[in-house]
Amino acid sequence: MPSRRAPTRLLTLLLAALLCARALPAAPEEPAAAPAPAPAPAPPGSTVYNIEIIVFRATSPLGGPEDWSAEAGARNIAGEESASGAATVGHFVAALPSSVWQLGELESRLRTSGLYVPVAHTAWAQTASSWGTRAGFTLQKLGIEVPGLSGSVFLERGQWLHLGMSLTYAMAAPPQGLGAAPDTPFTLNESRRVRFYERNYFDHPAFGVIALVTPAQGARPPGR
Numbered sequence: 001m002p003s004r005r006a007p008t009r010l011l012t013l014l015l016a017a018l019l020c021a022r023a024l025p026a027a028p029e030e031p032a033a034a035p036a037p038a039p040a041p042a043p044p045g046s047t048v049y050n051i052e053i054i055v056f057r058a059t060s061p062l063g064g065p066e067d068w069s070a071e072a073g074a075r076n077i078a079g080e081e082s083a084s085g086a087a088t089v090g091h092f093v094a095a096l097p098s099s100v101w102q103l104g105e106l107e108s109r110l111r112t113s114g115l116y117v118p119v120a121h122t123a124w125a126q127t128a129s130s131w132g133t134r135a136g137f138t139l140q141k142l143g144i145e146v147p148g149l150s151g152s153v154f155l156e157r158g159q160w161l162h163l164g165m166s167l168t169y170a171m172a173a174p175p176q177g178l179g180a181a182p183d184t185p186f187t188l189n190e191s192r193r194v195r196f197y198e199r200n201y202f203d204h205p206a207f208g209v210i211a212l213v214t215p216a217q218g219a220r221p222p223g224r
């Protein structure tokens with residue numbers, strides 16, 4: 001929906017500014033993270049990826065009223081490519097403990113900004129599905145239980161690696177200014193090419209997701 005492009009670009013800019021801000025108090029240093037527990041065996045020859053996401057809602061709208069019911073069928077795919085070879089479905093390897101999460105400081109900045117409210121934070125290891133399958137895992141499988149929030153997250157490998165999600169969030173109190181009644185379902189249906197260690201923003205005027213994808217082997221802090 002073209003009418004939402006400018007507000008979502010604004011959301012990305014605000015998040016980027018928040019990430020780089022120095023006025024906010026720095027998060028206290030934490031002891032070295034304990035190693036993650038041994039994962040369940042992945043299919044032979046497959047690559048395992050770590051995925052970490054923060055789901056947040058906006059406290060004020062970045063956009064105006066729209067026909068929110070028209071979102072459900074919309075799909076935004078960045079970097080289309082052709083499928084090749086036999087289709088495979090990603091394998092869930094393990095949930096990752098909070099001791100190895102890498103976005104904790106960013107969650108703290110969101111929480112103290114007054115602009116956004118984190119509602120879920122989780123991480124897991126998995127193999128990728130084939131491009132175009134949209135085969136992923138439900139939020140419940142990933143350990144997210146938030147009233148009104150449902151959907152799935154998928155990781156696909158074609159020529160490039162893509163992370164996508166199809167989420168619906170029906171908030172009891174949507175941001176004023178969106179022209180949405182309580183429990184209006186907002187839909188975020190997007191897939192984009194991702195690179196290791198780069199934070200990715202999935203935008204919506206009412207809520208959004210910050211995601212980080214890293215290789216399970218040899219992982220390092222984002223942005224380094």
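Counted the way the working numbering counts, the sequence shown spans residues 1 to 224. Beta carbons: idealized from backbone N, C-alpha and C, even for Gly. The model shown is predicted, which means the values in this text are computed figures rather than measured ones.
In this structure, the beta-carbon distance from VAL209 to ILE54 falls below 8 Å. In this structure, THR214 and PHE196 form a Cβ contact; the two beta carbons are roughly 6 Å apart against a cut-off of 8 Å. Taking the CA atoms as reference points, LEU188 sits about 23 Å from THR127. Per the C-alpha coordinates, the member of GLU198, SER108, LEU110 and PRO205 positioned closest to GLY179 is PRO205. Rounded to the nearest whole angstrom, the C-alpha separation of SER108 and GLY132 is 35 Å. LEU106: member of the alpha helix (DSSP H) spanning 104-113, first to last residue.
ALA125 is a Cβ neighbour of ALA94, given a cutoff of 8 Å.
By the criterion of at least three beta-carbon pairs nearer than 8 Å, the region 140-150 is in contact with the region 160-173. Cβ-Cβ separation between ALA58 and PRO185: approximately 16 Å, too far for a contact (criterion under 8 Å). For the 8 Å CB-CB criterion, PHE56 and LEU96 do not form a contact.
According to DSSP, HIS204 shares a beta bridge with no other residue. SER129 is the residue among GLY114, SER129, TRP160 and TRP101 whose C-alpha sits nearest the C-alpha of SER46.
In this structure, GLY90 and LEU155 form a Cβ contact; the two beta carbons are roughly 6 Å apart against a cut-off of 8 Å. Among the bridge pairs identified by DSSP, TRP131 is matched with none. Per the coordinates, the alpha-carbon of PRO118 lies some 16 Å from the alpha-carbon of ARG199. DSSP lists HIS121 and ILE210 as the beta-bridge partner residues of ILE54.
Judged by DSSP in its simplified three-state form, SER98 adopts helix.
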